[in-house]
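Just so you know, we're using the working numbering here: the sequence shown kicks off at -7 and counts up by one. Note that the Cβ used here is the ideal one computed from N, Cα and C, for glycine as well. Beneath this line is the structure, given in C-alpha cells, with notes to follow.
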Amino acid sequence: MTDRDDKRTGELTDVALNALFAEAREETALPSGDLMARVLADAEEVMAQREAEEAARLAAMRPKQRHPVMEAIIATLGGWRAVAGLATAGVAGLAIGLGAPTTVTALATGSYVSDSALGIETSDGGYEIDDLMPSFYDLVTEG
-7 MTDRDDKRTG ELTDVALNAL FAEAREETAL PSGDLMARVL ADAEEVMAQR EAEEAARLAA
53 MRPKQRHPVM EAIIATLGGW RAVAGLATAG VAGLAIGLGA PTTVTALATG SYVSDSALGI
113 ETSDGGYEID DLMPSFYDLV TEG
C-alpha cells in the first residue's frame, strides 16, 4: 500500500539525478557586469549618506561657543561644583531669611497672632509690605 512505483513513471533515475547535480556543480553563475555596477553604486550612495548622518550627529553633540568671561568667572569660583554649592547656599539663605517664623505663622493663619514679646500687633487683614517681610528685630528678640 505504501509502495508507489506505479506512479513514478516519468521520474529520473538516481544516475540521471547524479549527472544533473554534477553538471550544476560545475557551472558557476556570475552576475552580469551591469548588475554588479548598480549594486556597487547603491552601496556607495548608502555609505555616503551614513557618513553624512554621522557627521551631522557629531556636529550636533559638539558644544556650542561659550562666553569667555563667564568661563573665567566659573573657573575663579572653583568650577561648576562650587557654583552649584554657592547657588544652593544662596537659595537656602534666601528661604531662611524670608521665612522667619512669625511671618510664616502670620501668612498661614491669615491674621497676626498677638504676641507682646515680639511686638506684633493683631490686624484684621490690612497688611503692609513691611508686615509680611521679616526684619532684623524679628531675629534678635530677647526671651
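Proximity of residue i and residue j at Cβ, strictly below 9 Å
{"i": "L78", "j": "L90", "result": "no"}
{"i": "W72", "j": "I65", "result": "no"}
For residue i, the three-state DSSP class (helix, strand or coil)
{"i": "E63", "result": "helix"}
{"i": "G71", "result": "coil"}
{"i": "D26", "result": "helix"}
{"i": "L155", "result": "Since the first residue of the chain shown is -7 and the last is 135, residue 155 is not available in this structure."}
{"i": "A51", "result": "helix"}
{"i": "A21", "result": "coil"}
{"i": "E3", "result": "coil"}
{"i": "Q57", "result": "coil"}
Own chain, CB closer than 7 Å to residue i, minus 5 neighbours either side, in chain order
{"i": "V157", "result": "A query on residue 157 cannot be resolved here, the shown segment of the chain reaching from -7 to 135 and no further."}
{"i": "E3", "result": "none"}
Cβ neighbours of residue i in the same chain (closer than 8 Å, five flanking residues each side left out)
{"i": "M39", "result": "none"}
{"i": "R12", "result": "It should be noted that the sequence gives Leu, not Arg, for residue 12. Only L4 meet the Cβ criterion."}
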